[in-house]
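Following my numbering, the numbering of the sequence shown begins with 179 at its first residue and continues without gaps.
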Amino acid sequence: MEKNTEKKPFDLRGESKAYAFESIKLYQHLTEYASKKEYNLSRHYLIAATRIGDFIRQEAYLDACHAASSAKYWLELLYNGGYIDDDQANAMLNYCDPLVRILYVKSHPDSRKAKDATSPSPAFNSSAAAKFQKGGAQ
179 MEKNTEKKPF DLRGESKAYA FESIKLYQHL TEYASKKEYN LSRHYLIAAT RIGDFIRQEA
239 YLDACHAASS AKYWLELLYN GGYIDDDQAN AMLNYCDPLV RILYVKSHPD SRKAKDATSP
299 SPAFNSSAAA KFQKGGAQ
């Protein structure tokens, strides 16, 4: 029996919706259940993270790319502020990083390479600590 080695296409709408749901859960955790409750940064993060899918539905890929980059910024602030730990940051980055890469390619067609346009790179393996240097901007 032959193995199917063909990659599945990246479902941009589905992945952005999954990211929005995970962002809502993180927001609820930060505002209701966390020992160190946070309302302002988490609200900005929630807005940016949920706007991605809205812009994708409108086929406004550049705006969606900006929203995804903004969500990563607010996520970095939550991490650097000690409101989320490595595991939480990595979980959210696993959703967000592929969206940023695909949206960048879709919104900048002149910079597209044929093989990069079809799917994101393999699973995100970096830790949040490497991605977000605690206490400072990257």
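Glycine included, each C-beta is placed from N, C-alpha and C at the ideal position. Treat the numbers as computed from the prediction; the structure is a model and nothing was measured.
Query                                                                                                                                                                     : Result
Tell me whether residue 230 is buried or exposed, calling it buried when 16 or more other Cβ atoms sit within 10 Å of its Cβ.                                             : buried
Run through DSSP, which three-state label would residue 223 get?                                                                                                          : helix
Tell me which residues share the same chain as residue 259 and place their Cβ nearer than 8 angstroms to its Cβ, disregarding the 5 neighbours each side in the sequence. : 216, 219
Using 8 angstroms as the threshold, is the stretch 255-271 in touch with the stretch 228-243, meaning 3 or more CB pairs across them?                                     : no
Determine the closest residue to residue 221 out of 233, 281, 278, 206, with distance taken between C-alpha atoms.                                                        : 206
Take residue 204 as the anchor and find which of 246, 227, 277 has the nearest alpha-carbon.                                                                              : 227
Could you spell out where the alpha helix (DSSP H) holding residue 207 opens and where it closes?                                                                         : Residue 207 -> no alpha helix (DSSP H), and no H or E assigned at all.
With C-beta atoms as the reference, is residue 271 less than 9 angstroms away from residue 246?                                                                           : no
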